[in-house]
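Worksheet: one structure, shown below.
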Amino acid sequence: MYHTPYFKAADNEDVLAFMQAHPFILLCGTDTLGKPVATHVPVLIEERDGVLYLQAHIMRKQQHTRAFENNPNVLAVFQGAHTYVSASWYQHPQTASTWNYQAVHASGQLRFLNEEGLLTLLAKLTRHFENEANSPALVEKMEDTYLQQMMKAIVGFEIEITALEHVFKLSQNRDEKTYDNIINQLETQGTDAKEIAANMQQQKHQIFPK
Numbered sequence: 001m002y003h004t005p006y007f008k009a010a011d012n013e014d015v016l017a018f019m020q021a022h023p024f025i026l027l028c029g030t031d032t033l034g035k036p037v038a039t040h041v042p043v044l045i046e047e048r049d050g051v052l053y054l055q056a057h058i059m060r061k062q063q064h065t066r067a068f069e070n071n072p073n074v075l076a077v078f079q080g081a082h083t084y085v086s087a088s089w090y091q092h093p094q095t096a097s098t099w100n101y102q103a104v105h106a107s108g109q110l111r112f113l114n115e116e117g118l119l120t121l122l123a124k125l126t127r128h129f130e131n132e133a134n135s136p137a138l139v140e141k142m143e144d145t146y147l148q149q150m151m152k153a154i155v156g157f158e159i160e161i162t163a164l165e166h167v168f169k170l171s172q173n174r175d176e177k178t179y180d181n182i183i184n185q186l187e188t189q190g191t192d193a194k195e196i197a198a199n200m201q202q203q204k205h206q207i208f209p210k
């Protein structure tokens, strides 16, 4: 992840809000031979005593699970909307086209949970993502036989975040006329492009204060 000052969020709260809005992460690590492994998983984000933690579960006996058991150093990638930006939209189009995107990289140490911790995690996960107090999909509404069988196949974990990096690349390095034209062009395109346009519009007052 490269570092350019103008492609950064205004404050850490913006980074945390982005992570919470995009909880389906790519979790990466390496095995004992240095071979990279990765898996996709939804996470909960908790803050305790000023430290961020990610919580989730994965299947047992998988390549990535064994890798995390032997090497707890992991990288969680949070990815938001992304879209092509054509140089033809610039006020001075004799420069390169580019790609606008937002991403956060969270490095940390992974720790597996015991059975009690897994059950607590499953309850929190279903409450959070169901977001409905009376949903029949809540863990406490599941039959115990099914729940115990399911828990034998998965393992819960928690990642203590030790470093956060991010890039919010939203054309902050362009002049105001070009910036506005990029927004206008993106608003005519697909879902990701429209989301990037909305994010650019939201932060415009910080880039071009009146």
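End of the sequence shown sits at 210 in this note's numbering; the numbers just go up one at a time, nothing left out.
Don't be surprised by glycine CBs; every beta carbon is placed ideally from N, CA and C.
Per the DSSP secondary-structure output, ASN73 pairs in a beta bridge with GLN109.
Around the beta-carbon of TRP89, 16 or more other beta-carbon atoms lie within 10 Å, marking it buried. In this structure VAL155 touches HIS57 by the C-beta definition: roughly 6 Å separates them, less than 8 Å. The distance from the Cβ of GLN102 to that of PHE168 is about 5 Å, consistent with a contact at the 8 Å cut-off. In the DSSP assignment, GLU13 falls within the unbroken alpha helix (DSSP H) covering 12-21.
Per the DSSP secondary-structure output, PHE208 pairs with nothing in a beta bridge. ALA81 carries a strand assignment under DSSP once its states are collapsed to helix, strand and coil.
The C-alpha of SER171 is placed about 13 Å away from the C-alpha of GLN91.
The C-beta distance from LEU26 to HIS3 rounds to 20 Å, too long to fall under 8 Å, and the pair is not in contact. With at least 16 other beta carbons inside 10 angstroms of its own, PHE68 counts as buried.
In the assembly as shown, HIS205 is an exposed residue. Its beta-carbon has fewer than 16 other beta-carbons within 10 Å.
A direct Cα-Cα distance of roughly 10 Å separates ASN184 from THR178. Rounded to whole angstroms, the separation of the alpha carbons of PRO5 and ASP175 is 16 Å. Here ALA10 has GLN206 as same chain residues with Cβ atoms under 7 Å from its own Cβ, once five neighbours each way along the sequence are excluded.
In terms of CA proximity to GLY108, VAL51 leads the group VAL51, VAL37, ASN173. Rounded to whole angstroms, the Cβ separation of VAL77 and TRP99 is 16 Å, and the two are not in contact under 8 Å.
In this model, GLU143 and PHE129 are separated by some 19 Å (Cα to Cα).
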